[in-house]
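For the working numbering, add 228 to where a residue sits in the sequence shown, where the first one is 1.
Inspection log for the structure reproduced underneath, given as structure tokens.
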Amino acid sequence: MDNRELQKLVEEISMKYFYKRFTHVASFNPRLRTTGGRYLLRSHNIEINKKYFDERGIEEMIGIIKHELCHYHLHIEKKGYQHRDADFKHLLNKVGAPRFCKPLPSNQIKRKMNTIQYKCKDCQQVYVRKKRIDTSRFVCGKCRGTLIYQGVMEGETKI
Numbered sequence: 229m230d231n232r233e234l235q236k237l238v239e240e241i242s243m244k245y246f247y248k249r250f251t252h253v254a255s256f257n258p259r260l261r262t263t264g265g266r267y268l269l270r271s272h273n274i275e276i277n278k279k280y281f282d283e284r285g286i287e288e289m290i291g292i293i294k295h296e297l298c299h300y301h302l303h304i305e306k307k308g309y310q311h312r313d314a315d316f317k318h319l320l321n322k323v324g325a326p327r328f329c330k331p332l333p334s335n336q337i338k339r340k341m342n343t344i345q346y347k348c349k350d351c352q353q354v355y356v357r358k359k360r361i362d363t364s365r366f367v368c369g370k371c372r373g374t375l376i377y378q379g380v381m382e383g384e385t386k387i
């Protein structure tokens with residue numbers, strides 16, 4: 229699918245579900261990484277992440293297009309077009325558009341989560357942190373005792 233086919237698809241979806249014309253430009257943006265698409269407020273154009281079409285198929289992309297068209301039509305009509313607005317939520321339900329898109333499997337990176345452990349010298353309370361803390365500035369929240377650095381602990385793989 230190229231930009232011309234996408235433009236035609238967006239125009240068809242706009243007429244079919246919203247009964248209104250889409251008169252601006254829809255295109256694929258290869259720089260989008262974490263979102264399925266976006267509506268540009270100043271130009272009124274819509275950009276779609278092509279990876280969603282490649283990895284999830286046409287149905288997922290149609291849902292993303294419906295979502296972006298909700299932003300588009302509400303903004304043009306000067307109604308609440310943001311995710312938190314009641315107008316937006318109502319229109320999403322009316323046309324069957326998802327509020328958020330599913331994450332892509334290619335964006336989920338496996339990594340080791342290391343944790344740092346501290347222990348109170350007085351009451352033996354254990355604290356686990358992701359980042360190191362300055363033990364000369366911080367004390368135990370339970371007894372106000374001195375914290376002792378215990379070391380880095382290897383964590384399990386997180387997605």
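Think of the CB as a built atom: it goes at the ideal place given N, C-alpha and C, for glycine as much as any other residue.
Nothing here was measured: the structure is a model prediction, and the numbers come from that model.
Counting only unbroken stretches of 4 or more residues, the alpha helix (DSSP H) elements lying wholly within the region 305 to 340 are 314 to 323, in sequence order. In this structure, the beta-carbon distance from Leu237 to Ile274 does not fall below 8 Å. Cβ-Cβ distances below 7 Å link Leu234 to Ala254, Ser255, Phe256, Ile276 in the same chain, with the five nearest sequence neighbours on each side left out; the list follows chain order. Across the structure, Gln345 and Arg360 are spaced so that their CA atoms are roughly 9 Å apart.
Around the CB of Ser271, fewer than 16 other CB atoms lie within 10 Å, so the residue is classed as exposed. Three or more Cβ pairs drawn from the region 316 to 329 and the region 282 to 297 lie within less than 8 Å of each other, which places the two stretches in contact.
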